[in-house]
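Asker: Let me give you the structure first, and then I'll get to my questions.
This is the structure in structure tokens:
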């Protein structure tokens, strides 16, 4: 972001409580940010989201204030806690109590950062695209036999 050039400048910026990660002030210079984390600098009014580029490296993407109020989280597991309370665990380690019963593992949820409530969810759908070698035939795999050796007999929807 080029707000500081030296170690001491970076330390002063973080210790002045100017940096927020997912809505919480972070004073640790080495605090790790992860995928879909929202980094906020209140003094400048700038908002950033951590994403991956095409090579799998972290990319700092500038976003608007409306986008900074939520983050997308992948659902890693669903279970029940003490006294039978249903809980949901996300990709970044958050535990959300009483999730929507329609949310399943591998779905994506839109999470409000301020209240940690689920705003929306996106259903996971497995889609396999095939390209026939030597022709222009491209399509979505509709059905396939159970044996791997008979993949050539699969039904293709173009």
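Residue numbers (this note's numbering): 1236 to 1393. Positions of the beta carbon are idealized from the N, C-alpha and C atoms, including for glycine.
DSSP on residue 1319, reduced to helix/strand/coil?
Answerer: For this step, residue 1319 is matched to residue 84 along the chain shown. If DSSP states are grouped into helix, strand and coil, residue 1319 belongs with the helices.
Asker: Kindly list the residues whose CB is nearer than 6 Å to the CB of residue 1257, restricted to its own chain and excluding five residues on each side of it in sequence; keep chain order.
Answerer: To locate residue 1257, count along the chain shown from 1; it is residue 22. Counting only Cβ-Cβ distances below 6 Å, and skipping sequence neighbours, we find 1272, 1273, 1348.
Asker: Note down the Cα distance separating residue 1309 from residue 1346, rounded to an integer number of angstroms.
Answerer: Taking the first residue of the chain shown as 1, we reach residue 1309 at position 74. Taking the first residue of the chain shown as 1, we reach residue 1346 at position 111. Their Cα atoms are separated by approximately 10 Å.
Asker: Taking one C-beta from the segment 1349 to 1362 and one from the segment 1333 to 1340 each time, how about it: are there three or more such pairs within less than 8 Å?
Answerer: Cβ pair count under 8 Å is three or more, so yes.
Asker: Rounded C-beta distance between residue 1283 and residue 1297? I'm assuming under 8 Å.
Answerer: Position 48 of the chain shown, counting from 1, holds the residue named residue 1283. Position 62 of the chain shown, counting from 1, holds the residue named residue 1297. With a Cβ gap of about 6 Å, residue 1283 and residue 1297 count as contacting.
Asker: Determine the extent of the alpha helix (DSSP H) in which residue 1273 is found, giving its start and end residues.
Answerer: Numbered from 1 along the chain shown, position 38 holds the residue referred to as residue 1273. Note, residue 1273: premise wrong, no alpha helix (DSSP H); beta strand (DSSP E) at 1273 to 1276.
Asker: Consult DSSP for residue 1281 and reduce its assignment to one of helix, strand or coil.
Answerer: Residue numbering aside, residue 1281 sits at position 46 when the chain shown is read from its first letter. Looking at residue 1281 - three-state DSSP - the assignment turns out to be strand.
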